[in-house]
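Residue numbers (the working numbering): 10 to 172. Where is the CB? At the ideal position from N, CA and C, for every residue including glycine. Just so you know, these numbers come straight off a predicted model, no measurement behind them. Presented below is the structure to which this report refers.
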């Protein structure tokens, strides 16, 4: 049915564990632990080098730069937390530049939809004192990562991801 390589199986399994754990942590405590993002980062580098050699290290660096860099700017302007920055850096290491860019775009759209939905819901409630909470970014990022991964699995050409 699906002709996945060992490299892809390892990456998808590790990304599943990593993103689910980060999302659950973010939703429960609005915090993504440093040890989790560090483990995700180190495992991603090991996977890239182990399966793709020096070229994998280049993919990891480019993905880290776009993921960490974009969210670092958001963090500097108050648009995200430090855990979100490290989460996107680690995801970028796993995915490389182009897929990380897709994740950033898709998760941005998801955040906008969630923000508008929450504001509209808050306006329809009777209590005007109810504060509209911020968006935990790990959830939209995880949904975007898994959208990209599922698209990669379903695409016969498999040229979407550098996995």
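Classify residue 149 as helix, strand or coil using the three-state DSSP reduction. helix
I believe residue 101 touches residue 72 by the beta-carbon criterion, under 8 Å. Please report the beta-carbon distance rounded to the nearest angstrom. 3 Å
Answer with buried or exposed for residue 37, where buried requires no fewer than 16 other C-beta atoms within 10 angstroms of its C-beta. exposed
So, is residue 12 buried or exposed, given that buried needs 16 or more other C-beta atoms within 10 angstroms? exposed
Distance, Cα to Cα, residue 152 vs residue 120? 11 Å
What did DSSP end up calling residue 12 once you bin it into helix, strand or coil? coil
Kindly give me the distance between the Cβ atoms of residue 97 and residue 67, rounded to whole angstroms, as I take these residues to be in contact under 8 Å. About 18 Å separates the two Cβ atoms, so there is no contact after all.
Mind checking which residues open and close the alpha helix (DSSP H) that includes residue 79? 43 to 85
Taking buried to mean at least 16 other C-beta atoms within 10 Å of its own C-beta, is residue 87 buried or exposed? exposed
If we ignore side chains and look at the alpha-carbon of each, how far apart do residue 138 and residue 59 end up? With a pLDDT of only 48 at residue 138, under 50, the local geometry of the prediction cannot be trusted, and no value is derived from it.
May I ask you to report which of helix, strand or coil DSSP gives residue 39? coil
Going by CA-CA distance only, name the one from 95, 81, 155 that's closest to residue 190. Outside the displayed span of the chain (10 to 172) sits residue 190, for which this structure offers no information.
Is residue 100 helix, strand or coil when you go by DSSP? helix
Going by the beta-carbon positions, is the gap between residue 25 and residue 56 smaller than 8 Å? no
Between the alpha carbons of residue 133 and residue 126, how many angstroms are there, rounded? 11 Å
Pull up the distance between the alpha-carbon of residue 29 and that of residue 113, whole angstroms please. 17 Å
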